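Below you'll find the structure, written out as structure tokens, and then a few comments.
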Amino acid sequence: MPVAPPWSRHPLLTRGLAWAVLAAVAACAQPDQAGLLTGGRAYPPDPPTGEATRLMAADLDPGVTRLRLGITPYTQESRERRDLAPLVAHVSEALGIPVELVSSGSYGELVAAITEERVDVALLSPVSYVQARAIQPALHLAARAISQGSPEYSSYIIVRRDDPAHTLADLRGRRMAWVDRLSGSGYLYPRHVLRQAGLDPERMFASAQFYGTHEAAMAALLRGEVDAAAVASGALALPCKAGEAQTARGFRVLHKCGKLPYDALAVRAGMGREALKKITWVFQGLNNRTEYGRKVLADTWAISGWMPADESVYEGVRAHLEAMAPARAAGFSGAATLTDLPLEASHVE
Amino acid sequence: MSNDRLPRRSRRLGTRLAAVVALTLVVVGGGVAMVAVSQTARAYRDESLQRAAAMLAMLAGPAALAVAESTFDKLDGYLAEAVRPGDQDVQLVAVVTFDSAGRAVAASTDALVPPVVPGHDAATSQDFVDYAVRSRHPMWRRLVAGKTAHLLVSVPAVSGLRWGTLVGVFDTAMVEQRVERTLRSVLAVVCAAAGLLAAVTYAAFARMAVRPMQELARAAEAIRHGARGQRLHWQRGDELGLMAASFDHMAAEVERFTTNLEQQVAERSAEVEARNHDLRVVNAQLRMANAELDRLAHVDPLTAVGNRRSFDQLIAQVAGAGDGRTWALLMCDIDHFKRVNDTYGHQMGDLVLREVARVLHGELRGNDHVARFGGEEFVVLLDGAGPDTALDVARRLVQVVAHHDFEALAGVPLGRITVSIGVAVHPLDGLGADQLLEHTDMALYAAKSGGRNRVERWRPELRCRGAEG
Chain A
3 MPVAPPWSRH PLLTRGLAWA VLAAVAACAQ PDQAGLLTGG RAYPPDPPTG EATRLMAADL
63 DPGVTRLRLG ITPYTQESRE RRDLAPLVAH VSEALGIPVE LVSSGSYGEL VAAITEERVD
123 VALLSPVSYV QARAIQPALH LAARAISQGS PEYSSYIIVR RDDPAHTLAD LRGRRMAWVD
183 RLSGSGYLYP RHVLRQAGLD PERMFASAQF YGTHEAAMAA LLRGEVDAAA VASGALALPC
243 KAGEAQTARG FRVLHKCGKL PYDALAVRAG MGREALKKIT WVFQGLNNRT EYGRKVLADT
303 WAISGWMPAD ESVYEGVRAH LEAMAPARAA GFSGAATLTD LPLEASHVE
Chain B
3 MSNDRLPRRS RRLGTRLAAV VALTLVVVGG GVAMVAVSQT ARAYRDESLQ RAAAMLAMLA
63 GPAALAVAES TFDKLDGYLA EAVRPGDQDV QLVAVVTFDS AGRAVAASTD ALVPPVVPGH
123 DAATSQDFVD YAVRSRHPMW RRLVAGKTAH LLVSVPAVSG LRWGTLVGVF DTAMVEQRVE
183 RTLRSVLAVV CAAAGLLAAV TYAAFARMAV RPMQELARAA EAIRHGARGQ RLHWQRGDEL
243 GLMAASFDHM AAEVERFTTN LEQQVAERSA EVEARNHDLR VVNAQLRMAN AELDRLAHVD
303 PLTAVGNRRS FDQLIAQVAG AGDGRTWALL MCDIDHFKRV NDTYGHQMGD LVLREVARVL
363 HGELRGNDHV ARFGGEEFVV LLDGAGPDTA LDVARRLVQV VAHHDFEALA GVPLGRITVS
423 IGVAVHPLDG LGADQLLEHT DMALYAAKSG GRNRVERWRP ELRCRGAEG
């Protein structure tokens with residue numbers, strides 16, 4: 003009887019080898035065809051819209067029939083009301099409750115209003131938000147604004163285009179224009195940068211004046227009243243948008259002083275959980291991605307929309323504000339904590 | 003032994019072993035190499051994918067700002083700038099920005115449509131875009147058609163919010179070429195290694211196993227052809243050494259056994275041969291004795307011609323041959339023989355008988371036979387003789403005897419010795435031996451009655467006379 007070769011008596015061996023070859027060929031011949039690149043940041047899904055955002059009676063305190071929206075006095079009140087009317091109408095419709103726009107005479111007044119719960123929702127500047135939060139730690143942060151497509155803006159120290167100054171040290175003995183002692187980009191950040199550069203912002207300038215608004219500070223620089231100004235990057239673009247391109251081109255950015263988050267959307271501490279959720283949805287769901295959103299936000303200080311936020315994004319502002327406290331002895335009252343800082347802007351027009 | 007020649011197929015063992023080794027290396031080495039190459043290929047592709055995604059991500063920020071601010075014309079220019087050809091492995095060939103609703107809002111080309119991948123239809127891209135604008139993560143799809151290889155990659159355009167999605171088409175043909183080159187070179191190395199290993203295995207196996215086996219086979223073959231003293235005498239400690247030692251022991255044992263056997267066979271053969279010789283001698287003696295006995299049984303001791311028994315056998319043989327042949331019987335009787343016996347004694351009578359027998363025998367042809375029928379009677383059988391021949395012979399015999407000089411021989415005056423002969427011819431004068439003998443007797447009687455020293459042939463009337471007489 004003929005003896006079969008070993009492999010014919012071991013089909014497992016033959017088949018195993020054959021499968022190994024096939025598997026190897028398959029592994030080589032078939033690269034992955036499609037997939038996801040995970041591991042990066044994941045973005046929360048868009049908030050619900052429509053009926054889901056309607057406030058129920060149970061969501062609100064008894065007797066409440068309207069929602070008070072407090073705004074930072076960036077411009078004149080009449081213009082604010084006109085510019086923000088579409089936003090107010092949208093929020094009112096989305097929540098199913100009348101919205102009352104509450105103007106404030108100053109940053110500090112709005113801080114006081116939200117912390118004392120005289121308004122339900124407030125659009126607070128970063129510094130105002132940090133102050134309000136220091137006063138009322140239970141204050142809710144519902145969202146942060148996105149402006150001109152960006153969640154952050156920069157603080158610049160600008161000079162006239164033909165100015166001889168090219169470094170921060172060159173500003174020694176020159177005339178400085180600030181915006182406000184409680185302005186992040188117009189005072190706190192540049193001041194911090196100067197100190198980090200080994201300069202003394204309190205004494206290095208021949209004169210230092212507060213102009214109240216970014217536009218006023220830029221106007222003073224353009225007029226030659228001052229030699230440098232601290233302004234927000236957005237403000238630098240504003241004249242361009244307004245058709246004053248020549249004005250904008252007259253400046254040169256001497257130094258970039260860091261990035262700040264845009265305004266915070268704060269909700270009073272006592273607001274109910276459901277109402278807070280729905281207010282958050284309404285604001286986070288409104289942005290320039292839709293034609294409707296663009297229409298609503300057309301004249302709203304270049305706001306593109308609102309995004310989810312947590313406390314940490316305002317940490318930088320808080321740090322700069324706290325750093326200013328020891329220097330206050332020379333500058334003003336001499337309070338020891340953030341809550342002691344003056345709520346009123348002390349600028350001089 | 004059915005096949006006399008030893009099959010010379012031992013080389014095939016080495017070939018087969020080399021083939022098994024080469025095959026195993028090709029399979030195992032090839033498998034390992036394939037896995038390694040596939041890992042490398044995956045690394046290449048992953049790297050190209052990461053680079054493509056990174057390139058798109060760089061465009062994503064500006065795209066987000068542009069969508070948020072609706073400055074699409076600026077974005078168009080920016081994207082067009084990004085697809086400038088370079089010498090990179092991963093080349094961006096087209097990029098389109100989609101808003102959150104999935105509408106194309108800016109593109110590197112003039113057309114605001116999903117970027118079509120060369121070698122594939124627009125639906126493929128559209129399908130990808132449909133998923134990509136909803137995906138929260140960058141997505142990719144590899145599209146290979148013939149020699150072309152492309153990557154479709156999407157990256158969300160995020161700036162605070164997800165403003166839209168960038169979808170880019172990247173040409174990755176160079177990456178695939180790199181993979182192919184790697185695969186080819188690895189396979190070449192594996193095949194070369196397999197071939198080398200097979201050759202080494204073949205050579206080593208031939209040296210270590212095949213040649214010793216061939217030598218062993220030759221030794222066994224030599225023993226088969228009679229060289230019983232053939233031994234391997236290998237001094238090696240491995241299994242082949244063991245086998246060779248066993249072989250040597252076996253060969254020695256076979257030689258001893260065979261030699262003993264042959265010795266025994268030779269002894270037995272000698273004995274048998276001696277006995278055969280004796281038997282041959284005895285056989286010869288027996289044959290001679292038998293021949294003598296036979297002769298004695300058929301020859302009349304006195305006259306040295308056939309006796310009655312031999313005549314009976316002969317005539318039975320001739321008569322048995324059939325009725326078609328002719329033959330004749332001659333019954334010959336010495337006239338007045340009693341007178342010789344009485345006168346000169348039996349000794350002289352015997353002499354006369356011998357002489358008559360000699361004369362008769364001398365006168366006959368080769369195929370004629372004479373026998374002593376009894377007393378002073380002789381019978382002659384003439385085979386093939388017809389009546390004339392028979393009568394001629396009979397007459398000649400009568401004359402010869404009559405003229406023979408018996409006295410000179412005997413030395414006494416015997417007188418004239420004559421014979422009378424009765425003749426019967428077959429088949430004319432009778433059928434069958436007995437009848438013919440009877441008829442010759444009758445004829446002889448007639449010859450005696452007719453005067454003796456004469457010949458008489460049987461005639462039917464002799465029967466009557468005989469019956470009368």
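Going down the list, the protein sequences come from chains A and B.
Each number in the numbering used here comes from the position in the first sequence (counting from 1) with 2 added on.
Each number in the numbering used here comes from the position in the second sequence (counting from 1) with 2 added on.
Glycine included, every Cβ here is placed at the ideal spot set by N, Cα and C.
The model shown is predicted, which means the values in this text are computed figures rather than measured ones.
message = Using beta carbons (cut-off 7 Å, strictly below), is E264 (chain B) in contact with chain A?
response = no
Let me make sure I understand the geometry here. Which of B:S102, B:G104, B:T111 and B:A103 has the alpha-carbon closest to that of A96 (chain B)?
B:T111
Does the distance from the C-beta atom of L184 (chain A) to that of Y109 (chain A) stay below 7 Å?
yes
Roughly how far, in whole angstroms, is the beta-carbon of A144 (chain A) from the beta-carbon of S187 (chain A), given that I think they are within contact range, below 8 Å? Wrong, their Cβ atoms sit about 22 Å apart, outside the cutoff.
query: Hey, would you say H405 (chain B) sits closer than 7 Å to A426 (chain B), going by beta carbons?
result: no
message: Going by the DSSP bridge assignment, what does V427 (chain B) pair with across the sheet?
response: B:A330
Inset, instruction - Mind checking which residues open and close the alpha helix (DSSP H) that includes Q128 (chain B)? - result: A124 to A134
Check your understanding: Should L399 (chain B) go down as buried or exposed, given a rule of 16 or more other Cβ atoms within 10 Å for buried?
Key -> buried
Margin query: In this structure, how does DSSP classify G207 (chain A) when only helix, strand and coil are distinguished?
Written below: Position check: residue 207 (chain A) holds Phe in this sequence, whereas Gly was assumed. Residue state, collapsed to three classes: coil.
So if I threshold CB-CB distances at 7 Å, which residues from the segment 165–190 of chain B count as touching chain A? W165 and L185
- Assigned secondary structure, G417 (chain B) (DSSP; H/G/I helix, E/B strand, else coil): coil
* Counting only the same chain and skipping the five closest in sequence on each side, list residues whose C-beta sits under 7 Å from that of E365 (chain B). => R398, L399 and V402
Where does I336 (chain B) sit, in a helix, a strand or coil, going by DSSP?
-> strand
- Cβ-based contacts, 8 Å cut-off: residues of the segment 283–311 of chain A near chain B: N289, N290, R291, T292, R296, S306, G307 and M309
ask   = Going by the beta-carbon positions, is the gap between D358 (chain A) and D265 (chain A) smaller than 7 Å?
value = With chain A running from 3 to 351 in the structure shown, residue 358 (chain A) is simply not present.
With a CB to CB cut of under 6 Å and the five nearest residues on each side skipped, what residues in its chain are close to R135 (chain A)?
L141
Checklist line | CB contact check: E36 (chain A) to chain B, cutoff 7 Å | finding: Residue identity differs from the one stated: residue 36 (chain A) is Ala in this sequence, not Glu. Yes, because at least one Cβ of chain B sits closer than 7 Å to the Cβ of A36 (chain A).
- Query: Mind checking whether A68 (chain B) and L77 (chain B) have CB atoms under 7 Å apart?
  - Reply: yes
- [ ] Taking 7 Å as the cut-off, decide whether the C-beta atoms of L170 (chain A) and A199 (chain A) are in contact.
- [x] yes
Report task. Would you kindly report the start and end of the unbroken alpha helix (DSSP H) that includes S187 (chain B)? Result -> A175 to F207
- Message: Between which residues of its own chain and Q248 (chain A) is the CB-CB distance below 8 Å, once the five residues before and five after are set aside?
- Response: Unreliable positioning characterises Q248 (chain A) in this predicted model, as indicated by a pLDDT of 46, which lies under 50. The coordinate reading is nonetheless provided below. Hits under 8 Å: none found.
Spell out whether any CB of chain A is found under 7 Å from the CB atom of H139 (chain B). yes
Practice item. Measuring only between beta-carbons, confirm whether M3 (chain B) sits less than 7 Å from chain A. Key: At M3 (chain B), the pLDDT of 42 sits below 50, so the modelled position is not reliable; the number obtained from the coordinates is stated separately. No, its Cβ sits nowhere closer than 7 Å to a Cβ of chain A.
Quick one: what's got a C-beta closer than 6 Å to K261 (chain A)'s C-beta in the same chain, skipping five residues either side? E154 and S156
(request) Starting from H227 (chain B), trace the beta strand (DSSP E) both ways and give me its first and last residue. (result) Taken as a continuous stretch (DSSP letters only), H227 (chain B) belongs to no beta strand (DSSP E), as it is neither H nor E.
So, using beta-carbon positions, are L38 (chain A) and A55 (chain B) closer together than 7 Å? no
Q. Within 7 Å (strictly less), CB to CB, does E71 (chain B) reach chain A?
A. yes
Practice task
Please confirm if L267 (chain A) has its CB atom under 7 Å from at least one CB of chain B.
Solution key: no
Do you know offhand how far L353 (chain B)'s Cα is from G376 (chain B)'s?
-> 15 Å
Give the residues of chain B in contact with I148 (chain A), contact being defined as C-beta atoms less than 8 Å apart. A70, S161, G162 and L163
CB W165 (chain B) to CB A59 (chain B), shorter than 7 Å?
no
Around the C-beta of E118 (chain A), are 16 or more other C-beta atoms found within 10 angstroms, so that it is buried, or is it exposed?
exposed
Inset, instruction - Please state if the CB of Y213 (chain A) and the CB of M179 (chain A) are separated by a distance shorter than 7 Å. - result: A quick correction: the sequence has Ala, not Met, at residue 179 (chain A). Taking 7 Å as the Cβ cut-off, A179 (chain A) and Y213 (chain A) qualify as a contacting pair.
- Task: Report the residue from B:L198, B:L189, B:T99 and B:R105 whose alpha carbon sits nearest the alpha carbon of A35 (chain B).
- Result: B:L189
Check: Which residues of chain B have a Cβ atom closer than 7 Å to the Cβ of S235 (chain A), listed in chain order?
Finding: By Cβ distance, chain B contributes nothing, its closest Cβ being about 13 Å from S235 (chain A), past 7 Å.
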